[in-house]
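Below is one structure, written out as structure tokens; comments come after it.
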Amino acid sequence: MEPAVQLDRAAVKIGGRTIWSDATLAIDGQEFVAILGPNGAGKSTLLKALLGVVPLSAGMARVFGQSVRRGNDAVGYLPQRRRFDADLRIRAVDLVRMGVDGDHWGVPLPGARSRAIDKHVRETIELVGAERYSDRPIGELSGGEQQRVLIAQALVSGARMLMLDEPLDSLDLSNQQAISELIRRICREQGVTVLLVAHDVNPILPFIDRVVYVAGGHVLCGRPDEVIRTEILTKLYGAPVEVLRTSDGRIVVIGQSEAVSYHGDH
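In this note's numbering, the protein residues as written are 1315 to 1580.
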């Protein structure tokens, strides 16, 4: 079987600066993969390259055996964001439906097709556990509820892959756990491949199959215990890095201490 995602010596340049290069990896279908690394390392750029939004400067990228392209219905994308404004009145169910017919700009679809879409939208909302508040305005929902609705919108087009850019950001620990469990269940029960960008691996560590680590202009892929190790990250960053594991299994990554800087007038 073709890998769900394949990179071969891929590189991206933006504004003349190389973000990362020589990226070679293969991700199988139905895997839950975390994309980790420091701010500005190119994690979101990796997703955008696989979406066909950012062109490669070298190498090859394929999704489900095909060259990457914009507007691929097989891929559902949830970009990084904060919260919807509390005054936004669009219903959650209507936001999900936009993932199917949002390009019609409000023009009604034929009756039978419209009813079929309504049924599919409701089924997708039930899949993510959002049916209880699906008729409420999206702005009134909590952060965790909004994320469930947005995941439904990303899935409703029939996506076989979810690309999620920091979906756990700004959520409390309880909601981080709940959303991580939901994504894992979708991955397993629906056969969906998941690529999730995160700052902290710990909330998703019990659920992920593999890690893609982006740092120092390089991309490394493997199981968490293969990649998140002192010697591996030290080599990847090109600087001393120490990986600690707590008694409850959590991972702490510690970089080299920076020298204290002082202002000239102090």
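For each residue, glycine too, the CB sits at the ideal point set by N, CA and C.
In this structure, residue 1387 sits away from residue 1453, with a CB-CB distance that is not shorter than 8 Å. For the pair residue 1339 and residue 1567, the CB atoms are not nearer than the 8 Å cut-off. Taken in chain order, the unbroken stretches of alpha helix (DSSP H) that lie wholly in the region 1455-1489 and span 4 residues or more are 1457-1469. Taking 3 residues as the minimum length, the beta strand (DSSP E) runs contained wholly in the region 1347-1388 are 1372-1377, in order along the chain.
Distance from the CA atom of residue 1506 to the CA atom of residue 1369, rounded to whole angstroms, is 25 Å. The beta-carbon distance between residue 1509 and residue 1349, rounded to whole angstroms, is 6 Å. This is short enough to meet the 8 Å contact definition. In this structure the region 1323-1333 touches the region 1373-1382; the number of beta carbon pairs closer than 8 Å is three or more. Counting along the chain, residue 1411 sits inside the alpha helix (DSSP H) bounded by residues 1406-1415. C-alpha of residue 1467 to C-alpha of residue 1542: approximately 32 Å in a straight line. In this structure, the CA atom of residue 1405 is about 14 Å from the CA atom of residue 1461. Residue 1463 sits away from residue 1435, with the two beta carbons spaced by 8 Å or more. Apart from sequence neighbours up to five positions away, the residues of its chain that approach residue 1474 with a beta-carbon distance below 8 Å are 1318, 1343, 1378, 1388, 1389, 1505, 1506 and 1507, ordered along the chain. Within 10 angstroms of the beta-carbon of residue 1539 lie fewer than 16 other beta-carbons, which makes it exposed. The region 1514-1524 makes no contact with the region 1548-1555: fewer than 3 CB pairs, one atom from each, lie closer than 8 Å. For residue 1519, there is no enclosing beta strand (DSSP E), as DSSP marks it with neither H nor E. Among the bridge pairs identified by DSSP, residue 1327 is matched with 1332. Between the region 1392-1399 and the region 1472-1491 there are three or more C-beta pairs closer than 8 Å, enough to call the two in contact. When secondary structure is reduced to three states using DSSP, residue 1556 falls in the strand class. The closest CA to that of residue 1528, considering only 1346, 1359 and 1341, is found on 1359. When the alpha-carbon of residue 1513 is set against those of 1532, 1483, 1531 and 1522, the nearest one is in 1483. As the crow flies, the alpha-carbon of residue 1364 is around 20 Å from that of residue 1497. Residue 1345 and residue 1523 do touch by the CB rule: their CB atoms are close to 5 Å apart, below 8 Å.
Beta-bridge annotation (DSSP): residue 1507 is paired with 1475.
Less than 8 Å separates the beta-carbon of residue 1333 from that of residue 1356. Residue 1384 places its beta carbon 8 Å or farther from that of residue 1410.
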